[in-house]
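Residue numbers (the numbering used here): 148 to 378.
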């Protein structure tokens, strides 16, 4: 089973419209939809904004539905002058840029688990490779691979974006992906992150959020549909 944890309600609705034998359940006030698409079992939910919502959604999905892989989708801001509005980014790994134990001597972004220390959470290469192929035929869209940085703060200014890019060598920033990544990593569930870019690194181009939502959702659904077919 493939799990999709989406940041946009339009993404969830697009996936649900493709489902056969659909069933819906709600856990912790989060609606989940399960069904079949192109013969593959899938489950999806809208996680809400921020790392706690994303982590909660991921753990419930894993516990209740037992997916063998998970993709987190949504929108992000570019951290590279090469990545423009409407482009897609796919995570090779991810980091929580606001995890800050530096006063204790920890590197910025380092997570203290009970049994290990880790800064970068590895995405699954096979999933990322298939997802990259799935994105190849989306018109007027460049696809980039790299590190995605997540944090519980909306990053708008160029200076703050540049600091995240320079500190972590990240190509995009958003608010949920690395939390999903952390839950998947600890549960040993392969994952990656797919994001559509809503504003550029220079800060001179920005598409109003509500206007951009359907554009991002359409691209995500096309990528997800092709991914399911290729899987």
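A virtual CB, placed ideally from N, CA and C, is assigned to each residue, including glycine.
> Is it buried or exposed for residue 221, if we count other Cβ within 10 angstroms and need 16 for buried?
Replying inline: Taking the chain shown and counting its residues from 1, the one referred to as residue 221 is at position 74. When all chains shown are included, residue 221 counts as buried.
> Looking at the unbroken alpha helix (DSSP H) that takes in residue 332, where does it start and where does it end?
Replying inline: By 1-based counting over the chain shown, the position of residue 332 is 185. It spans 324–334 - the alpha helix (DSSP H) in which residue 332 sits, taken as one unbroken run.
> Is residue 176 helix, strand or coil when you go by DSSP?
Replying inline: Here residue 176 refers to the residue found at position 29 of the chain shown. If DSSP states are grouped into helix, strand and coil, residue 176 belongs with coil.
> For residue 344, which option in 184, 338, 331, 365 has the closest C-alpha, if you only look at C-alpha atoms?
Replying inline: Position 197 of the chain shown, counted from the first residue, corresponds to residue 344. For residue 344, the nearest C-alpha among the options comes from 365.
>> So residue 241 and residue 325 are supposed to be a Cβ contact under 8 Å. How far apart are they, rounded?
In response: As a position in the chain shown, residue 241 is number 94, starting the count at 1. As a position in the chain shown, residue 325 is number 178, starting the count at 1. Contact flag correct, Cβ pair sits at about 4 Å.
> Excluding the five sequence neighbours on either side, which residues of its own chain have a C-beta within less than 6 Å of the C-beta of residue 375, listed in chain order?
Replying inline: For the purposes of this step, residue 375 is identified with residue 228 of the chain shown, where counting begins at 1. So the list reads 184, 185, 187, once near-sequence residues are dropped.
> Mind checking whether residue 329 and residue 258 have CB atoms under 8 Å apart?
Replying inline: Taking the chain shown and counting its residues from 1, one reaches residue 329 at position 182. Taking the chain shown and counting its residues from 1, one reaches residue 258 at position 111. Yes, the pair counts as a contact, with Cβ atoms nearer than the cut-off.
> Any idea what DSSP makes of residue 353, helix, strand or coil?
Replying inline: The count along the chain shown starts at 1 and reaches residue 353 at position 206. Because the pLDDT of residue 353 is 49, which lies under 50, any placement of that residue in the model is unreliable, and the question is left without a value.
> If you drop the 5 nearest sequence neighbours on each side, which residues of the same chain put their C-beta closer than 8 Å to that of residue 367?
Replying inline: For the purposes of this step, residue 367 is taken as the residue at position 220 of the chain shown. Counting only Cβ-Cβ distances below 8 Å, and skipping sequence neighbours, we find 153, 155, 158, 161, 220, 221, 341, 343.
> When you compare only the Cα positions, how much space is there between residue 316 and residue 280?
Replying inline: Working through the chain shown from its first residue, we reach residue 316 at position 169. Working through the chain shown from its first residue, we reach residue 280 at position 133. Cα to Cα, residue 316 sits roughly 24 Å from residue 280.
> Beta-carbon separation of residue 203 and residue 223 under 8 Å?
Replying inline: By 1-based counting over the chain shown, the position of residue 203 is 56. By 1-based counting over the chain shown, the position of residue 223 is 76. In this structure, residue 223 does not lie closer than 8 Å to residue 203 by Cβ.
>> Quick check on the DSSP output: the alpha helix (DSSP H) that includes residue 204 runs from which residue to which?
In response: The count along the chain shown starts at 1 and reaches residue 204 at position 57. Taken as a continuous stretch (DSSP letters only), the alpha helix (DSSP H) holding residue 204 covers 198–212.
>> What does the alpha-carbon distance come out to for the pair residue 289 and residue 275?
In response: Position 142 of the chain shown, counted from the first residue, corresponds to residue 289. Position 128 of the chain shown, counted from the first residue, corresponds to residue 275. Their backbone Cα atoms lie some 15 Å apart in a straight line.
> In chain order, what residues of the same chain lie with their CB nearer than 8 Å to the CB of residue 358, ignoring the 5 residues before and after it?
Replying inline: By one-based count along the chain shown, residue 358 stands at place 211. Closer than 8 Å at Cβ, skipping near neighbours: no residue.
>> At the level of alpha carbons, what is the spacing between residue 264 and residue 308?
In response: In the chain shown, residue 264 corresponds to position 117, counting from 1. In the chain shown, residue 308 corresponds to position 161, counting from 1. Rounded to whole angstroms, residue 264 to residue 308 spans 25 Å at the Cα level.
> Can you tell which of 360, 337, 251, 378 has the C-alpha that lies nearest to the C-alpha of residue 215?
Replying inline: Position 68 of the chain shown holds residue 215. Taking only the C-alpha atoms, the option nearest residue 215 is 337.
>> Taking the straight line between their C-alpha atoms, what separation do you get for residue 373 and residue 181?
In response: What you label residue 373 is simply residue 226 of the chain shown in a count that begins at 1. What you label residue 181 is simply residue 34 of the chain shown in a count that begins at 1. One C-alpha to the other measures close to 18 Å.
> Helix, strand or coil: which one does DSSP assign to residue 223?
Replying inline: Here residue 223 corresponds to residue number 76 of the chain shown, with the count starting at 1. Reduced to three states, the DSSP call for residue 223 is strand.
> Looking at the unbroken alpha helix (DSSP H) that takes in residue 152, where does it start and where does it end?
Replying inline: Sequence index remark: in the chain shown, residue 152 carries index 5 (1-based). No alpha helix (DSSP H) contains residue 152, which is instead part of the beta strand (DSSP E) from 149–153.
> Can you tell me whether residue 273 is buried or exposed, with buried defined as 16 or more other CB within 10 angstroms of its CB?
Replying inline: Taking the chain shown and counting its residues from 1, one reaches residue 273 at position 126. By the neighbour-count rule (16 or more Cβ atoms within 10 Å), residue 273 is not buried but exposed.
> Hey, how far is the Cα of residue 300 from the Cα of residue 196?
Replying inline: Here residue 300 corresponds to residue number 153 of the chain shown, with the count starting at 1. Here residue 196 corresponds to residue number 49 of the chain shown, with the count starting at 1. Residue 300 and residue 196: Cα-Cα distance of roughly 10 Å.
>> Closest to residue 239 by C-alpha separation, out of 319, 378, 149, would be which residue?
In response: Locating residue 239 in the chain shown gives position 92, counting from the first residue. With distances taken between CA atoms, residue 239 lies nearest to 319 out of 319, 378, 149.
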